[in-house]
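Taken in sequence, the protein lines are chains V and D. All residue numbers for the first sequence refer to the working numbering, where the first residue is 1375 and numbers rise by one. All residue numbers for the second sequence refer to the working numbering, where the first residue is 1375 and numbers rise by one. What follows is one structure encoded as structure tokens, with my remarks underneath.
Number of protein chains: 2
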Amino acid sequence: MKNSNVYCVIMAGGIGTRFWPLSTSKFPKQFHDVLGTGKTLIQQTYERILHITDAERIYVITDKMYNDLVKKQLPDLQDYQIISEPMGMNTAPCALYSAMKIQKTDANAKILLCPSDHLIINENKFAEKVQLALDSLDQKDGLYTLGIQPTRPDTGYGYIQYIESDNPVKKVKTFTEKPNRELAEKFLLSGDFLWNSGIFVWKAQTIIEAFKKFLPDMHQAMFQIYDDLNTDIEKRKVNKVYPVLQKISIDHGIMERHKTVYVIPASFGWSDLGTWTSLYENSNRNRQRNAILGKTVKLYKSKGNLVHVAKDKAVVIEGLNNYIVIDTKNALLICPMESDQEVKNFVNDLKLSKGEKFV
Amino acid sequence: MKNSNVYCVIMAGGIGTRFWPLSTSKFPKQFHDVLGTGKTLIQQTYERILHITDAERIYVITDKMYNDLVKKQLPDLQDYQIISEPMGMNTAPCALYSAMKIQKTDANAKILLCPSDHLIINENKFAEKVQLALDSLDQKDGLYTLGIQPTRPDTGYGYIQYIESDNPVKKVKTFTEKPNRELAEKFLLSGDFLWNSGIFVWKAQTIIEAFKKFLPDMHQAMFQIYDDLNTDIEKRKVNKVYPVLQKISIDHGIMERHKTVYVIPASFGWSDLGTWTSLYENSNRNRQRNAILGKTVKLYKSKGNLVHVAKDKAVVIEGLNNYIVIDTKNALLICPMESDQEVKNFVNDLKLSKGEKFV
């Protein structure tokens, strides 16, 4: 039997700008089947989480504009399991709001907080590492995170340095920002740096206390409406409080400041699917190293491309190497793979000149 | 007053394969506003022809599958002005069928036969040269064509060599196939070669006689149903006869064999818009030499491209030089400008694997 005080919260409020034009503010990345598996990323996440706790203790926290998408893609969820944010905030408000709601239901709740839009290939290994974190909470309380064993000097991820020990649960030494290439190579060689996966495990009580200490304003604002949580007036109250909360990440706001943070090194075939290149690297590629999602795509003299297009569209490409070609009903992106970090800027440019129409 | 025995026949049965994916067998090139002028090519052709004769003597001959498109785009046409072919044939059957129908109406008819999908910039000059051909018919009967003064050694056009004289109307010496580069350069230097424009002027009687002499089978087949033309049973009869006609061009079938062919050298800013490159060259280009048709197209580090996309679609392109990017609802083409002659092959490949769905 699964542990009855284990809760999972899937964060599904992101916009996924770097995945434009597939991901748009109206229909972001987590609701797409970006890998062509037949399931969207949030559906994959939900099914992965079912290995960890019972369906009735799985929550999704998201911007209210995505409520309908969540309901449609995860029809097993009851209304109480969708935590609706009045607006897209960063991850700290997410963590606090969900923890308070759950803690009010179950004072001994343990929470797995995780993104909805990551790739995890080995689900069993993932479940095993999460279980290790959940079990460890009883022996030594603190904030737990899973750290991914790096396989390359990636400059797109934050890193976590840990203090070496024989225990599979390591004490965290420092969180670092995304490093430059040189530093990333040092991190990789040193052996005690892990990729920050954004997957957290903690007791509801412990994370709430951490907010009280490190983000007291946010804690106070949310604590004011604590009595109203899980009641009919919750929504109205949250609408008032939420806009004044600080838009800060749980990493910056809490993890980097907290003194009792543990990391569990893990390797379960993970990617944050943060850019088109990372999608390319995690996709099936043919002999010409082209990763093609689409039904009628013809490539001539073309290698190393990522082509992503609707099933009912024909695509003919000649003489293109290492490009991204993403076509949707409303927009088309063509750029070199190495420019995938520019996508955010392209989207901003579009916003400036055309408003929200295409983004 | 315009000359009352002058008739114009616009040929609008082509498929424009080299303009895929904009041009498809269901909606070919002549029915598109490929230049972004606000008018389709056949609409531009029709308006150009209005300078030459009265509206009631303008005919369009086309594959019956395009009848509705013609009616929609040229709403002033009466039903009798749309000559409907049971199937797409080459230009010789076009020329004969239209000439017979018109000759039956007016034994002294003079006919301008011209394509529906060419670009002509200087309409006045065009009208002037056509008028010269029409007037010349009275002095020396024969088959007349307009020859375009070449401006470059184009290998995509057929050439017409004429016998030099002081008369603006020249006797044709030879028709040539599309030459290779070396030959095209010789043609250009020689000064007595013109591009074959596919624009013809003749008396109905004279062209019909030419068919009798050079394509006697075709003449005989059509002459059998001569009495039925312009009657209620024309359609039924044509349906029977047309499939057995030879699919041959008017150039091969008649012009190259006829002894009395005249050409009038002309320069009125002409292009057959036969390939994406020719469209590019005839389009407005910005400072980066990009020719863009679309409302929301952002190019970064990109020069010399032709981008053609629907108005309601956003396009972002980075790092592309001298490419063609054509996006329609059903298909997307990306290839180097220099590969524009390959488009036909791309379309054939698609046909082989997917049938007619996308072409």
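Built from N, CA and C at the ideal position, the CB exists for glycine as well.
Helix, strand or coil for V1504 (chain D) per DSSP? Three-state result, V1504 (chain D): helix.
Buried versus exposed call for K1614 (chain D) [16 or more other C-beta atoms within 10 Å across all chains shown]: Here K1614 (chain D) is exposed: its Cβ has fewer than 16 other Cβ atoms, across all protein chains shown, within 10 Å.
Grab the span of the alpha helix (DSSP H) containing S1727 (chain D) for me, first residue to last. Here the alpha helix (DSSP H) through S1727 (chain D) covers 1717–1728.
Run through DSSP, which three-state label would V1612 (chain V) get? Reduced to three states, the DSSP call for V1612 (chain V) is helix.
Name the chain D residues that come within less than 9 angstroms of K1672 (chain V), Cβ to Cβ? By Cβ distance, chain D contributes F1720, D1723, L1724, S1727.
Using 8 angstroms as the threshold, is the segment 1487–1502 of chain V in touch with the segment 1401–1413 of chain V, meaning 3 or more CB pairs across them? Contact between the segment 1487–1502 of chain V and the segment 1401–1413 of chain V is present, because at least three Cβ pairs lie under 8 angstroms.
Closer than 7 angstroms by beta-carbon distance: list the chain V residues that pair up with G1693 (chain D), in chain order. Here the neighbours are C1709, P1710, S1713.
Bridge partners - C1468 (chain V), DSSP secondary structure assignment: Among the bridge pairs identified by DSSP, C1468 (chain V) is matched with none.
Between the Cα of T1670 (chain D) and the Cα atoms of D:E1608, D:K1685, D:D1601, which residue gives the shortest distance? Minimum Cα-Cα distance from T1670 (chain D) among the listed residues D:E1608, D:K1685, D:D1601 corresponds to D:K1685.
What residue range is occupied by the uninterrupted beta strand (DSSP E) comprising Y1533 (chain V)? For Y1533 (chain V), the uninterrupted beta strand (DSSP E) segment begins and ends at 1533–1537.
Across the segment 1568–1576 of chain D and the segment 1516–1523 of chain D, are there enough close Cβ pairs to call them in contact, namely three or more that are closer than 8 angstroms? Yes, since at least three Cβ pairs between the segment 1568–1576 of chain D and the segment 1516–1523 of chain D fall closer than 8 angstroms, the two stretches touch.
Counting only C-beta atoms, is S1597 (chain D) closer than 8 angstroms to chain V at any point? The sequence shown places Phe at residue 1597 (chain D), rather than the Ser named in the question. Residue contact with chain V for F1597 (chain D): absent (no Cβ-Cβ distance below 8 angstroms to any residue of chain V).
Does any residue of chain V have a CB that is nearer than 8 angstroms to the CB of K1687 (chain D)? Cβ-Cβ to chain V under 8 angstroms: yes for K1687 (chain D).
For A1473 (chain D), which residues does DSSP report across the bridge? Paired residue(s): none; A1473 (chain D) is not in a bridge.
Identify which residue in D:M1592, D:P1590, D:T1529, D:G1390 has its Cα closest to the Cα of E1556 (chain D). Considering only alpha carbons, the answer is D:T1529.
Alpha carbons only, please: which of V:R1422, V:Y1471, V:P1553 is nearest the one belonging to V1504 (chain V)? Looking at the Cα atoms, V:R1422 is the closest of the given residues.
Which full runs of the beta strand (DSSP E) of 3+ residues lie inside the segment 1603–1686 of chain V, going along the chain? If we require 3 residues or more, the beta strand (DSSP E) runs fully inside the segment 1603–1686 of chain V come out as 1635–1640, 1665–1667, 1670–1674, 1680–1682.
Using a Cβ cut-off of 8 angstroms (strictly closer), state whether A1818 (chain D) contacts chain V. It is not possible to answer for residue 1818 (chain D), since the shown part of chain D is limited to 1375 through 1733.
Would you say E1730 (chain D) faces chain V, with C-beta separation under 8 angstroms as the test? Not closer than 8 angstroms to any Cβ of chain V, the Cβ of E1730 (chain D) fails to qualify, so no.
Ignore the nearest five residues each way along the sequence and tell me which others in M1375 (chain V)'s own chain have a CB closer than 8 angstroms to its CB. Because the pLDDT of M1375 (chain V) is 44, which lies under 50, any placement of that residue in the model is unreliable, and the question is left without a value.
Does E1430 (chain V) come within less than 8 angstroms of chain D when only Cβ atoms are used? Residue-level contact by beta carbon fails for E1430 (chain V) and chain D, as no gap is shorter than 8 angstroms.
Within 8 angstroms of any Cβ in chain D, is that where the Cβ of V1635 (chain V) sits? Answer no: the Cβ-Cβ gap between V1635 (chain V) and chain D never drops below 8 angstroms.
Measuring straight from C-alpha to C-alpha, what distance separates L1667 (chain D) and W1394 (chain D)? The alpha-carbon atoms of L1667 (chain D) and W1394 (chain D) are separated by roughly 15 angstroms.
Which same chain residues, not among the five before or five after D1701 (chain D), have their C-beta less than 6 angstroms away from its C-beta? Closer than 6 angstroms at Cβ, skipping near neighbours: V1683.
Using the C-alpha atoms, what's the distance from P1527 (chain V) back to L1562 (chain V)? Using only the alpha carbons, I get a separation of about 6 angstroms.
Minimum C-alpha distance to M1461 (chain V) - residue among V:E1630, V:L1619, V:E1655: Closest by alpha carbon: V:L1619.
Check whether chain D comes within 8 angstroms of V1615 (chain V), counting only Cβ atoms and requiring the distance to be less than that. So, not an interface residue.
Assuming D1480 (chain V) contacts N1379 (chain V) under a Cβ cut-off of 8 angstroms, what Cβ separation, rounded to an integer in Å, is found between them? Between D1480 (chain V) and N1379 (chain V) a beta carbon distance of about 6 angstroms is seen, short of the 8 angstroms cut, so the two are scored as contacting.
Note down, in chain order, every chain V residue with its Cβ under 7 angstroms from the Cβ of V1699 (chain D). Ordered by position in chain V, the residues that pass the 7 angstroms Cβ test against V1699 (chain D) are I1708.
Would you decide whether S1472 (chain V) is buried or exposed? Buried here means 16 or more other CB atoms lie within 10 Å of its CB. Burial call: buried.
For F1393 (chain D), would you say it is in contact with chain V, using Cβ-to-Cβ distances shorter than 8 angstroms as the test? With 8 angstroms as the cut-off, F1393 (chain D) does not count as an interface residue toward chain V.
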